[in-house]
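Position in the sequence shown (first residue = 1) + 13 = the numbering used here.
To start, the structure itself, in C-alpha cells.
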Amino acid sequence: MDSHAVNPNNRLPAEITENLNPALPLRPYQRQALLRLTERLSTLPAQPAQWLFHMATGSGKTLIMAGAMLHLYRLGYRRFLFFVNSSNIIEKTRGNFLNSHSAKYLFAPQLFIGNRRIRIHAGETFRDAEDEDISIIFTTIQGLHSRLNSPRENSLHDGDFERQKTVFLSDEAHHINAETKKGRLSREESRALLSWEQSVNRIFRAHPRNVLLEFTATADLSHPAIRDKYRDKIVFDYSLARFRRDGYSKEVKVLQSDLPPFERALQALLLSLYRQKLFERHRLHIKPVVLLKSKNITDSRRFFTDFSHRLRNLGREEMAAIETAARGTVVGRALDFFRRRYPGPEELIDELRTEFEPAKCISVDSRNDSEEKQLLINSLEEPDNPYRLVFAVDKLNEGWDVLNLFDIVRLYDTRGNSPAGQPVKTTLSEAQLIGR
Numbered sequence: 014m015d016s017h018a019v020n021p022n023n024r025l026p027a028e029i030t031e032n033l034n035p036a037l038p039l040r041p042y043q044r045q046a047l048l049r050l051t052e053r054l055s056t057l058p059a060q061p062a063q064w065l066f067h068m069a070t071g072s073g074k075t076l077i078m079a080g081a082m083l084h085l086y087r088l089g090y091r092r093f094l095f096f097v098n099s100s101n102i103i104e105k106t107r108g109n110f111l112n113s114h115s116a117k118y119l120f121a122p123q124l125f126i127g128n129r130r131i132r133i134h135a136g137e138t139f140r141d142a143e144d145e146d147i148s149i150i151f152t153t154i155q156g157l158h159s160r161l162n163s164p165r166e167n168s169l170h171d172g173d174f175e176r177q178k179t180v181f182l183s184d185e186a187h188h189i190n191a192e193t194k195k196g197r198l199s200r201e202e203s204r205a206l207l208s209w210e211q212s213v214n215r216i217f218r219a220h221p222r223n224v225l226l227e228f229t230a231t232a233d234l235s236h237p238a239i240r241d242k243y244r245d246k247i248v249f250d251y252s253l254a255r256f257r258r259d260g261y262s263k264e265v266k267v268l269q270s271d272l273p274p275f276e277r278a279l280q281a282l283l284l285s286l287y288r289q290k291l292f293e294r295h296r297l298h299i300k301p302v303v304l305l306k307s308k309n310i311t312d313s314r315r316f317f318t319d320f321s322h323r324l325r326n327l328g329r330e331e332m333a334a335i336e337t338a339a340r341g342t343v344v345g346r347a348l349d350f351f352r353r354r355y356p357g358p359e360e361l362i363d364e365l366r367t368e369f370e371p372a373k374c375i376s377v378d379s380r381n382d383s384e385e386k387q388l389l390i391n392s393l394e395e396p397d398n399p400y401r402l403v404f405a406v407d408k409l410n411e412g413w414d415v416l417n418l419f420d421i422v423r424l425y426d427t428r429g430n431s432p433a434g435q436p437v438k439t440t441l442s443e444a445q446l447i448g449r
C-alpha cells in the first residue's frame with residue numbers, strides 16, 4: 014500500500030481547516046495524512062478501529078492529532094483519551110491543546126463545528142464535561158493501568174468505556190507493543206509492559222465504535238510481529254529520509270572526537286556561539302541550544318557541577334588544546350571566525366562564560382522535575398526563555414519538539430560495551446533525537 018497515494022484534488026473538511034491555529038499552516042504531507050484518515054473514517058467498520066501514523070520526529074504529529082479530533086467530533090465523538098509513556102510529554106501536550114496563549118497552541122481562538130461553538134474540557138474523568146464539549150483526559154500508560162485496575166470513586170473504570178464510544182490517542186505508540194514483541198523483553202519487562210498493553214486493549218475493545226489512533230516515529234517495523242500487526246493499519250508512513258528530502262529537517266552531521274567530555278562539550282559551545290553570530294549577521298533572532306547527554310543520572314549531575322567550575326576557570330591553555338584538535342574541521346572554521354572578531358582568546362572566553370553561565374543551564378534528569386521546569390524545557394524557542402544548555406540522560410529522547418536544538422553531545426564512550434570496540438548501535442530512543 015502506498016501511504017502517500019491520496020487524491021491531491023481532495024479538500025479537507027471545513028471543521029479541520031477552519032479550527033486549527035492559522036499560525037500553524039498544514040504542510041502538504043500533513044494534509045495528505047489527514048485526507049487519508051478522513052477516507053478511512055468514511056467507512057468505519059462495525060468493530061473497534063485501530064490505525065497508525067508512522068511519521069518522523071519533528072514532523073508535526075500533534076497537529077495531525079488535533080485535526081483528527083476535530084473531524085471525529087463532527088462524526089459524533091466527544092470523548093478522547095490521550096496516553097503516553099512519559100509525564101514530560103503529558104505536560105507539553107496539555108499546553109499545546111489547552112493554553113491558547115502558547116505559540117504552539119493547536120487550535121483557532123474559537124472553535125465552531127456545525128454552527129455550534131464548542132469548548133475543550135480536560136479532566137480526570139469524562140463525567141465532568143458538558144455533552145457537547147470535546148472532553149479529553151491526559152494520562153500516562155502506567156497511570157491509566159493503575160486507575161483501571163485499582164478503581165476509586167470519581168475515577169476512571171472499565172464501565173466508562175462500555176457505555177459510550179471513545180477515541181484513544183496513543184503518542185509514542187511503540188511503548189504499547191509489549192505483547193506483540195514480548196520475545197525481545199526480559200521477564201520483568203514483559204510482566205510490567207504486558208499488563209499496560211492488556212489494560213489498553215481491554216478498554217479499547219469495550220465498545221464497537223471505539224477508535225485507536227497511534228502516533229510514533231519508531232514503530233520497529235523490522236520486527237516481523239510488529240510488521241504483521243500493522244500491515245493494514247498504517248494510515249500514513251513518512252520517514253525521516255523523506256522528511257529530510259522534503260527540506261523540513263535540519264541536515265544532520267556526525268562529528269567524531271576523542272577529546273575528554275569537557276573539551277567535547279566546549280567544542281559544541283564554540284559551534285553554538287558561531288551559529289549565534291551567523292544568525293545575527295543575517296538578522297535572525299534564533300538562540301541555538303546545546304544538549305549534553307550523559308549515560309546515567311549520576312554522571313550527568315557530576316558533569317553539571319564539573320562543567321560550571323571548568324568554564325568559570327577556562328584559560329588560554331584549554332583553548333589552545335581545542336584549537337590544535339580542531340584543525341581542518343568545522344570547529345576550526347568557527348575559531349578562524351572568532352580570531353577575526355576578537356583581538357585575543359580572553360574576549361572569546363568571556364563571551365562563552367556569559368552565554369553559557371549557570372543561569373542559562375538547565376538539568377532535566379529527574380523523573381520528579383517540577384511542572385514549571387517541564388514547561389521551560391518545552392519552550393526554549395520563546396524569546397523570554399533564557400536557557401541554551403541542557404543536561405540530560407534519556408528523559409528528552411521522546412516528545413521533545415524544540416526547533417532550535419542544533420547540537421547534541423554524547424559525554425560517554427559509545428564503544429564501551431560493544432565487541433571489538435565497535436560503536437554501539439543507535440537505539441530506538443536515540444533515533445528520536447534525530448530530525449528535530
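No residue lacks a Cβ here, since even glycine has one placed at the ideal position from N, Cα and C.
- Scanning its chain for C-beta atoms nearer than 8 Å, with the 5 sequence neighbours on each side dropped, one finds around Asn417 the residues Ile299, Lys300, Pro301, Val302, Leu393, Glu394, in chain order.
- The residues Arg87, in chain order, have a CB closer than 7 Å to that of Gly127 in the same chain once the five nearest residues on each side in sequence are set aside.
- Comparing alpha carbon positions, the residue from Leu169, Ser159, Arg130, Asn162 closest to Ile149 is Leu169.
- Excluding its 5 nearest sequence neighbours in each direction, Ala278 has C-beta neighbours in its own chain below 6 Å: Leu305, Val422, listed in chain order.
- The continuous alpha helix (DSSP H) containing Ala278 extends over residues 274–294.
- Setting aside the 5 residues that flank it on each side, Tyr425 is surrounded in the same chain by Lys308, each with a C-beta closer than 6 Å to its C-beta; the list follows chain order.
- Taking 8 Å as the cut-off, the Cβ atoms of Leu25 and Arg44 count as close.
- For Ser100, same chain residues with a beta-carbon under 7 Å away, outside a window of 5 residues either side, are Thr153 in chain order.
- Membership of Ile133 in the beta strand (DSSP E) is indicated by the continuous run 133–135.
- The continuous beta strand (DSSP E) containing Glu227 extends over residues 224–229.
- By the neighbour-count criterion, in which a residue is buried when 16 or more other Cβ atoms sit within 10 angstroms of its Cβ, Pro38 is exposed.
- Under DSSP, Asp184 shares a beta bridge with Phe228.
- Our two residues, Leu327 and Gly341, have alpha carbons roughly 23 Å apart in a direct line.
- Counting along the chain, no beta strand (DSSP E) covers His298, and no H or E run does either.
- Secondary structure at Ala79: helix, using DSSP grouped into helix, strand and coil.
- Around the beta carbon of Asp141, a 10 Å sphere encloses fewer than 16 other beta carbons of the protein chains shown; the residue is thus reported as exposed.
- Rounded to whole angstroms, the separation of the alpha carbons of Ile77 and Asn23 is 17 Å.
- Taking Pro358 as the centre and dropping the five residues before and after it, the same chain places the C-beta of Arg329, Met332 closer than 6 Å to its C-beta, in chain order.
- Judged by beta-carbon spacing, Glu145 lies beyond the 8 Å limit of Leu83, meaning their Cβ atoms are not closer than that value.
- Relative to the Cα of Gly156, the nearest Cα in the group Ser285, Trp209, Asp414 belongs to Trp209.
- Straight across, the Cα-Cα distance linking Val415 with Arg255 is about 20 Å.
- In the same chain as Ser212, and ignoring 5 residues on each side of it, the C-beta atoms closer than 7 Å to its own belong to Leu157, His158, Leu161, Asn162, in chain order.
- In this structure, the beta-carbon distance from Ser313 to Pro371 does not fall below 8 Å.
- Taking 8 Å as the cut-off, the beta carbon of Thr179 is found closer than this to the beta carbon of Asn223.
- Fully contained in the region 229–262 are the following alpha helix (DSSP H) runs of length 4 or more, in chain order: 237–242, 253–258.
- Shortest Cα-Cα distance from Leu234 to any of Leu291, Phe317, Lys246 involves Lys246.
- With respect to the C-alpha of Ile375, the residue from Lys242, Asp397, Glu368, Leu402 having the closest C-alpha is Leu402.
- The residue among Arg215, Ile131, Ser262, Arg130 with its C-alpha nearest the C-alpha of Asp171 is Arg215.
- Per DSSP, the beta bridge partners of Leu402 are Val303, Cys374.
- The DSSP-derived three-state label of Arg340 is coil.
- Collapsing the DSSP output to three states places Trp64 in a strand.
- Distance check between Leu253 and each of Ala69, Leu50, Tyr42 places Ala69 closest, using alpha-carbon atoms only.
- The three-state secondary structure of Leu37, taken from DSSP, is coil.
- The C-beta distance from Glu368 to Leu286 rounds to 6 Å, short enough to fall under 8 Å.
- A direct Cα-Cα distance of roughly 8 Å separates Phe120 from Ala79.
- Ranked by Cα distance from Ser72, the options Tyr251, Leu348, Gln269 are led by Tyr251.
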